[in-house]
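Quick notes on the structure that follows.
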Amino acid sequence: MNKQVAIIGAGIAGLEAASILDSMGFKVTLVEKAEHTGGHIQNWHQLFPDRRNATEVAQGIISKPLANVSTEFNREVTSIQPFAEKFIISAKDGWVFNADAVLITTGFELFDAKRKEEYGYGIYDHVITSAELETLFKKENGVTLRIGRTPSRIGLVHCVGSRDEKIGNIFCSKVCCVTAVKQAIELKELYPECEIYCLYMDLRMSGRHYEELYKQAQEEYSIQFIRGRLSEAAEDKSGKIIVKVEDTLLGRPLKMTMDMLVLMTGMVASAQTASICSSAGIQKDSDGFFKASDPHLYGNITGIPGIFLAGTCSGPKTISDTLSDARSAALAVQSYLSAEANN
Amino acid sequence: MNEKKLAFGYTVSKDRQIDFDEASLELYNKVCAAEPSIRLCISCGTCAATCSAAKFSDFSLRKLILQVRRGITKGLQAEVSKCMLCGKCQLACPRGVSTRALIMQINMNLQKTGK
Amino acid sequence: MTFDLFVIPFFGGLIFLLVVLFIKYSRWIALIDRSGRRKIGYGLFSLQIFPATWEVFLESLLHRRMWKQNKLLGYMHMSFAFGWLLLILLGNLESRIYSGGHLNPPYYPIFLKFFVHDKRVLPFELNTLPGFFRFIMDFVLLYILSGLVLAFFKRIHSRWFGMKNTSRHNRFDQWAITCLWLIFPLRLLAESLTASIYGGGGFLTNSVGDTLAMILPAAVTPGMAYVAWWAYSSALGIFFITLPWSRYMHIPTEVVMIYLKHFGVKSGKHLNSFSEIEMRACPKCGVCIDVCQMKDAGAVGSTPAYFVRSLRMKEGNSLLNNNCMLCGRCKEVCPVQIDLLDLRIASRNLENQSIDKPFSYLPADVPDSKGINVLYFAGCMGHLTPSVKKAMVSIMDAANVKYKFLDQDGSVCCGRPLMMAGMFEAARSLMEKNRQAIHASGARILVTSCPICYKIFNEEYKLFGVEVLHHSQYLLRLVEAGSLWINHSGLSVVYHDPCELGRGSEVYKEPRKLLKRVAKLIPIEQERENALCCGGSIGDLALNQDQRNIIRDAALDVLLEPKPDFLVTACPLCKKTFSSAGTAKVIDIAELVAQQLEKADNLIEETVEESIL
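Below is the structure:
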């Protein structure tokens, strides 16, 4: 009899792992809380650093053949309970399912920018998040709608909800710096006359070709980078946004009026992480994400044999890192289930 | 600027150079012992950006912290006296530095040494 | 025979105590400034003496505030204080029966049963005067011993007394408490043994004596009785000698403090001679430790009882001075009513007063703005909660208020944080700057969103002709005057009293009245005077971020327990602090009003449309 694998979350990690486990001959059930598969990637316009069309990449993952895979939509999993070599998975709506192994691919949630009240999101009209900007690029192919006219100065604020002790997230979300550079370029392409400023603490261009994108932003797009973290934003009578930062490299306070402010919101652990951890008896890390039993040697394995992790549920990752992680998780699941079958 | 010492090769004007061989980190060590959160500062400048005193003066807590860290105590007393202790920086600091406690410690230690 | 060697420890101790107390009090009172001394001079011959004496009776003897705190605690303290006084007074009267004179040595009534053996008296023979006294003296002794039993259980299980914490003792305290606990059992033992030999005991001493006589060989009882009298006298003597340096110094000092307070003597902003008296009036009962949130953060040593002790022992240090949120919870419950906040600030002042802050960079010119009625001051923290600013602006616009936003581009700090740090001179130069700007505006009302600013504007600025209001008060006034139309939201809310607005300024009523017009207010146990501090306090100059988070989370647990739709506060600092946890929906009272304002507008539009149709 084929072993049953449940994959919690049909984002790119879940889909990638599903297709591999499927090809290995396992029975796979994808459990998705939304009405469709794909997760966040469905909202992105272009991907860094090569500005690849996000829909193409999503299609590439979604269109992989899934012979023995069934998908449950609108099922938000709240608990995974180990029971007699099996796992009982329960969703919010009362749906219950049994599996021989579980792969958690619940991904991340975007930081709620309203929690950073001093930045004015949800208070001032012209403060938006990087995710909203992405949607605007994708749907409207422009941001004029939001402002009502062509913007002449836009600021991108790095590290919103990341590296911030005051909202309880000390970690770096890894993808926002390069996303900001990518979005700055896209904005500049839309509005060649517009001045674009990135307000950053540190520029973490750690991935391959990121630094090149940064250089390109300076060289070809004249994006300006100001090393200073935004303390607070205010709104003037015309609805423009006044920002105050310290130009730390010059050692002087800097005031700037912007037509629009884009907040680079970071990743946070998804809401159901805590309840899944407590029901399954697996560990939550200090940053709120799932904890692998050994992040070096067994990054996909939890403290409970049979429950595995892949993708951003175990910390911020890029799309390519997420996909690699999903593939390695599929191998870990396979080696667990075949060892079980031999016993 | 010391213009008299015209020398060839690599020289840096004494006034400009932070001479770590000569610098005394006594103040930093004392402040650090009493308020260890000074070590957490990443010089992001949020404190200086939000600072109530910075609207009217050139006060920058970020700079002040760096000066203490580098053992530069000259003029520090006048600098630290500009702080209104309003506490905005403490709310804004992304690293959870206890900025007001830090200011008090710098104040107190400077008082003691009479610098 | 009216003397025996064993009275020497008691008598010597008593004289020593009186001399020490006389020296200490006369020195402190002599050091009180001239106006204070004049107040004492007037007070002694004024009618104030009566309410003061009444308070001494209520508090020092009956321990009324202790009773309010917890009945067992009240009974225990009352049995010691009032019982002991009765023992002394009644003992004196009883001794007169036998001596007939008025000039008995002070030890005579205390050790009466050693000197006088009235064999005529039988237990429960109440119709004769000696019999009556014998009965009542035994009864009072029993009363005190019952309190002692409670004290013993309190050491074992303080929770029965409504206390989670009791204070630790220093060496003098240990000597004093050991003696205090021994005094009354030893008196019982001495009187009982004596009664067993000579008869003449009351219902208690007689029966205890009889019991002892059954157990002990007759030959040893006289010797044992004599030893017990020595021990009783020695316990009293050692207690008296250690008293001035132990927590029990509070017994005489509280009396002195109550009188001085009634005469109008205060410690105020500086540590002075009256503060010395206040410090010693602290019994270290530990009631303040129970309510102090610093212990949540693992800083029990900073709680008021220990702070006062170290101040008294001259062991104060800057960490102790600085590590207090000045939330005022301790001051609310202190049975002795010591102004713990003033003491803390005054000791900070002693350390920080020399720190120079000239603020010479502040601009000399004052903004000119005639023709306005209301001045709005968001405060430093208010700039980090733009939704509060925006709400206030939209409300004042809706109510057609002629106002000016004084610190729209950034504030000159109100000076309260410097005041709290004991830097009064520095605070005054900031206050002067703001005072000029406020007066120059010509406004009659100053509205602020920040309770920290509100407190100092109200108490220290002396803004003649300008009324200072917190926005919760001002918004209520607008609503009650019919200048604002607001709807009930149907939301259920818990209101958090900000320290500086609630306990600090006693503004409890207006925010609640306003809230009830827009939401369903859920009452909770820890509100008003008992409200918790959010942990963000600018009163503290030493807590680290982790400790603050612990205090915040513990407070949130209490506030969110009734599961409200929103946690409402009226302070930008409380709002920022609570919302940083990410576990609660926190909203300022002004935001809630502004939201309901918009709905009121819609309602009007809808009704207009309906009427057109």
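Chains as they are written, first to last, in my numbering: chain L, 1 to 343; chain B, 1001 to 1115; chain S, 2001 to 2613. C-beta atoms are modelled at their ideal positions from N, C-alpha and C, and glycine is treated no differently. As the structure is a computational prediction, the values presented were derived from the model and not from experiment.
For K2509 of chain S, the enclosing alpha helix (DSSP H) stretches over residues 2509-2518. Setting aside the 5 residues that flank it on each side, L2478 of chain S is surrounded in the same chain by I2395, A2399, V2401, L2484, each with a C-beta closer than 8 Å to its C-beta; the list follows chain order. Per DSSP, reduced to three states, the secondary structure at P82 of chain L is strand. The beta carbons of V31 of chain L and D22 of chain L sit no closer together than 8 Å. S:L2501 is the residue among S:L2501, S:E2480, S:A2437, S:E2460 whose C-alpha sits nearest the C-alpha of S2449 of chain S. Taking a Cβ-Cβ threshold of 7 Å, the residues of chain S close to F1056 of chain B are Y2361, L2362, P2363, in chain order. Distances from the CA of T2569 of chain S to each of S:Y2495, S:G2036, S:R2552 were compared; the closest alpha carbon is that of S:Y2495.
If you look at E2278 of chain S, you'll find it in the alpha helix (DSSP H) that goes 2273-2281. When DSSP reads this structure, G11 of chain L sits in a beta bridge with L:G38. Beta-bridge analysis with DSSP links P253 of chain L to L:E246.
Inclusion of N2070 of chain S and F2161 of chain S in the CB contact set at 8 Å is warranted, their separation being smaller than that value. Listed along chain B is no residue with a C-beta nearer than 9 Å to that of Q2436 of chain S; the closest approach is about 14 Å.
When the alpha-carbon of R1062 of chain B is set against those of L:R227, L:M24, L:V127, the nearest one is in L:R227. When secondary structure is reduced to three states using DSSP, H2383 of chain S falls in the helix class.
Using a C-beta cut-off of 8 Å, the segment 2272-2282 of chain S makes contact with the segment 2334-2342 of chain S, since at least three inter-stretch Cβ pairs fall below that distance.
At a C-beta separation below 9 Å, S1081 of chain B has these neighbours in chain S: I2355, D2356, K2357, P2358, F2359, A2426.
Residues of chain L with a Cβ closer than 9 Å to the Cβ of G2535 of chain S do not exist; the shortest Cβ-Cβ separation is about 13 Å. Looking at the backbone, the Cα of T2194 of chain S and that of P2222 of chain S are separated by about 7 Å. Per DSSP, reduced to three states, the secondary structure at D50 of chain L is coil, with no helix or strand assignment. T302 of chain L: not part of any alpha helix (DSSP H); DSSP gives it neither H nor E. C-alpha of W2054 of chain S to C-alpha of V2388 of chain S: approximately 48 Å in a straight line. In this chain, the beta strand (DSSP E) harbouring F2377 of chain S covers 2374-2377.
Against chain L, the CB of G1045 of chain B has a partner CB under 8 Å away; the residue lies at that interface. The beta carbon of L187 of chain L lies closer than 7 Å to those of I154, C194, I196 in the same chain, with the five residues before and after it left out. Residue contact check for R149 of chain L against chain B: no CB pair falls below 8 Å.
As a beta-bridge residue in DSSP terms, M260 of chain L pairs with L:I154.
Taking 3 residues as the minimum length, the segment 2283-2311 of chain S contains no beta strand (DSSP E) run wholly inside it. If the five residues before and after P2109 of chain S are omitted, its C-beta is found closer than 8 Å to the C-beta atoms of I2088, G2091, N2092, E2094, S2095, all from its own chain and listed in chain order. In the structure shown, K27 of chain L falls within a strand segment according to DSSP collapsed to helix, strand and coil.
Residue burial is scored here from C-beta neighbours: L263 of chain L has at least 16 other C-beta atoms within 10 angstroms and is therefore classed as buried. Contacts between N1107 of chain B and chain S, judged by CB atoms closer than 8 Å, involve N2352, I2355 in chain order. Between the C-alpha atoms of A67 of chain L and V102 of chain L there is a straight-line separation of about 19 Å. Scanning L:Y200, L:F137, L:S279 for the CA closest to the CA of I223 of chain L turns up L:Y200.
C1044 of chain B carries a coil assignment under DSSP once its states are collapsed to helix, strand and coil.
Note: F290 of chain L is bridge-paired with L:K284 in the DSSP secondary-structure output. For I2197 of chain S, the enclosing alpha helix (DSSP H) starts and ends at 2171-2198.
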